[in-house]
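Its first residue numbered 585, the sequence shown is counted upward by one per residue in this note's numbering. For reference, the structure is listed below as structure tokens.
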Amino acid sequence: MSEHHTHVQTRTAERVQPAGGGPVQPRATTTLSPLGFGDVRLTGGFLARLQQENASTSIVRGHEHLERQQAWTNFENAAARHVGRPYHGPVFEDGEAFKWLEATAWEHGRSDDHRLGQWLDSRIELVASAQAEDGYLSTFNQAAGKRGRYEWISYDHEIFNMATMIQAAVARYRTSGSADLLAVARRAADHLADTFGVDKRRETCGHPLVEMALVELYRVTGEARYLDLASYFVEMRGHGTLTDPTWQGWTSVYFSDRIPVRETVYPEGHAVRAVYFAAGATDVAIETGDTELFDTLRRQWDNMVEAKMYVNGSLGSRWEGEAFGDPYELPTDRGYGETCAAIASIQWSWRLLLATGESRYADLIERQLYNAVLSGVTLDGDRYFYVNTLQVREGAIAYDDRMGAAGRQEWFGCSCCPTNLMRTLASWHHYLATSSEHGLQLQQYGAAQVTGGGLSVRVRTEYPWQGEIEVVVESAPDASREMALRIPGWAREATLHVEGEPVAVVAGEYARITRTWRPGDVVRLVLPMAPRLTRGHHRVDAVRGAVAIERGPLVYAIEHLDQEGVAVDDAALTSTELTEQWRGDLFGGIPVVTAPARNLPDGDAGRVVAIPYFMWANRDIGPMKVWLPMDG
């Protein structure tokens, strides 16, 4: 890292020792380290219920959907070496199966559910059987036999599919110690390393992801060739070599292939692909110590957050190509905001957080979880939004099942969002805390048991509904250790007490407490949860002069079912006065926010009633809006 970063680059990230021994693993210098799989456990409250619903409903229904889609039949045909059999699903159907497999691995590692274990064992055996002798694995080309290997590398997702399998293999290994799928992953990675490179095939996949996958495999195995290949793929993109053979309208911009990563100012093109690529490039920069690349990616993140992100953290403003638009091109009613893009952004911010230790990256992770990811799934974990719009008008016609006006769907022909949600929620506890040579950092707040940095603590909270967070020390060494708590940027009136004594805090920074801790010591953080207004940016035409309601980490929206004397499409706030009210009759009990309003242009006065944005469309589908004009 550059001199600019050296003052925070003080922590060596922990590695997982390769199964059966192996070479001493290289170590990347980072400020913070992720905790081990068993070091964080959600114990109750909002986040634990999310994981439980994901395990009991989403993953189970995902299994049923993949069976109905005959995703595994593709592997059976490949394993039997049948060529010319009917292929089921899109060319990236393997990837959806592997993302579900990753989610199942995370959940099984935590719960040891017998049924999940059976699914894992049988599917991994099938995947291993389907793999070609040289490590290649793509059932579309193996079983359907319509094209040669990498013939349509921009479109066929072969490398992407193998990348999702590698990620599933790493999850399987980290949660169980089993190297069964890891062996398949290594064969695939070796095949890729034998096939692509400076003196080999000078190409890259139309859909990035392999960069992250290869670095994670390198971290597990210590095999330098995997990092070298990830570095090659990062540098290969951006030279205008990728085009879509099915539609020439998908140009190099769509593939984030217009300009090299080191010259990129804003992420551009297909939002999911662009951000996956940025996350993988960040991995490479961290592991290789590439200061120039790392600083460039930090600037790209800054520019994305400033000019290409919606208030809820959603990314991608164009339906055409599921793409980022120009800076400040953020229409509310036509906004795309694909669920996968927010998930990819969380992965990128996590890497930047570990590298720098800067709380703003954890702040964005929080915003995107509660407002751009959770909106993608119903409260019962059974139906999904692909697109997360910020406005639905009265009389909107759902001519595409991805539209907000269509409501959440059981499944999609392109099922990337459901399976991505499953693996994200199954592994969400990883994002709660980190460690360093100094101690433990609490990054996200939920009821949990956390061990790291020499401390073991129990966190008690009803966050995000309430702002009180109590941290009780359960064990600590007889030496001074630091406990750091993130103070969100929005929490300007937060208070913190340690054993009843006040500690000064600053919003947007960490509150750092260094002392010799004793079992039973209590840290009490109170975050202000009074509702507030956020004004729209003057460069964003759709929200100029409008405001959004926020409360704690949650963005709110008005939905047609709740309004008092006003219509969603006509409502304008007549005052900045916001009132919070607990509504036990809604969703099991939630805080709603009300404000004086009237119908434009000359309508009667009334009140808007706002609910958390991620909860909209769980009762009925109709008009909804996040941004509200001010009248007066």
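Even glycine gets a Cβ: it sits at the ideal position worked out from N, Cα and C.
- A Cβ-Cβ separation of about 7 Å places V799 in contact with G864 under the 8 Å criterion.
- A straight line joining the alpha-carbon of H692 with that of H672 spans about 27 Å.
- For the pair A1075 and Y1140, the CB atoms are not nearer than the 8 Å cut-off.
- Listed in chain order, the non-local C-beta contacts of M1208 below 6 Å within the same chain comprise V976, A1141, E1143 and W1200, local neighbours out to five positions each way being set aside.
- Straight-line spacing of the CA atoms in S1059 and V794 works out to 40 Å.
- Here H1081 carries a strand assignment [DSSP, helix/strand/coil].
- For Q1147 against A1155, the beta-carbon gap comes to about 7 Å, under 8 Å, which counts as contact.
- The three-state secondary structure of Q952, taken from DSSP, is helix.
- A distance below 8 Å separates the beta carbons of H649 and S999.
- In the DSSP assignment, P1002 falls within the alpha helix (DSSP H) that extends over C1000 to A1010.
- F839 and S929 have their C-alpha atoms spaced approximately 17 Å apart.
- Per the coordinates, the alpha-carbon of T916 lies some 15 Å from the alpha-carbon of A907.
- By the CB criterion at 8 Å, S642 and G965 fall inside the cutoff.
- For A777, same chain residues with a beta-carbon under 8 Å away, outside a window of 5 residues either side, are R809, Y810, D812 and L813 in chain order.
- For L1157, the uninterrupted beta strand (DSSP E) run begins and ends at A1155 to L1157, by DSSP.
- Boundaries cannot be given for W1074, as no beta strand (DSSP E) includes it and DSSP labels it neither H nor E.
- In the DSSP assignment, W1211 falls outside any alpha helix (DSSP H) and within the unbroken beta strand (DSSP E) covering W1211 to P1213.
- A straight line joining the alpha-carbon of R758 with that of D1215 spans about 55 Å.
- Contact between Q1165 and V1152 does not hold, since their C-beta atoms are separated by about 19 Å, which reaches or exceeds 8 Å.
- Taking C-beta atoms as the reference points, A687 and R1007 count as a pair closer than 8 Å.
- Within the stretch 783-829, the alpha helix (DSSP H) runs of at least 4 residues that lie entirely inside it are, in chain order, 794-805 and 808-820.
- Cβ contact annotation for Y894 (same chain, cutoff 7 Å, sequence separation greater than five): L914, G919, G921 and L974, in chain order.
- Fewer than three pairs of CB atoms, one per stretch, sit closer than 8 Å, so the stretch 978-995 makes no contact with the stretch 655-669.
- The continuous beta strand (DSSP E) containing Q1033 extends over residues A1032 to G1036.
- Nearest to T827 by alpha-carbon distance, out of R1191, S836 and H1121, is S836.
- Just measuring C-alpha positions, the residue of W684, D774 and V667 sitting nearest R731 is V667.
- Taking C-beta atoms under 8 Å as the contact rule, R1042 and E1066 fail to qualify, at a distance of about 18 Å.
- Closest in C-alpha terms to V768, from the list G1187, F996, P1061 and Q751, comes Q751.
- According to the DSSP assignment, Y1094 belongs to the beta strand (DSSP E) that extends over Y1094 to T1100.
- Only exposed fits D1188, as fewer than 16 other CB atoms lie within 10 angstroms of its CB.
- Listed as beta-bridge partners of F780 by DSSP are R785.
- DSSP places W656 within a helical segment (H, G or I) once states are collapsed to three.
- Counting only residues of its own chain and dropping the five nearest sequence neighbours on each side, E1093 has a CB closer than 7 Å to the CB of S943 and I1071.
- Separation of E994 and K784 (C-alpha to C-alpha, rounded to the nearest whole angstrom) is 43 Å.
- If you look at L634, you'll find it in the alpha helix (DSSP H) that goes G629 to E637.
- Of the candidates W1049, R1099, P1213 and V1106, P1213 places its Cα closest to the Cα of T1118.
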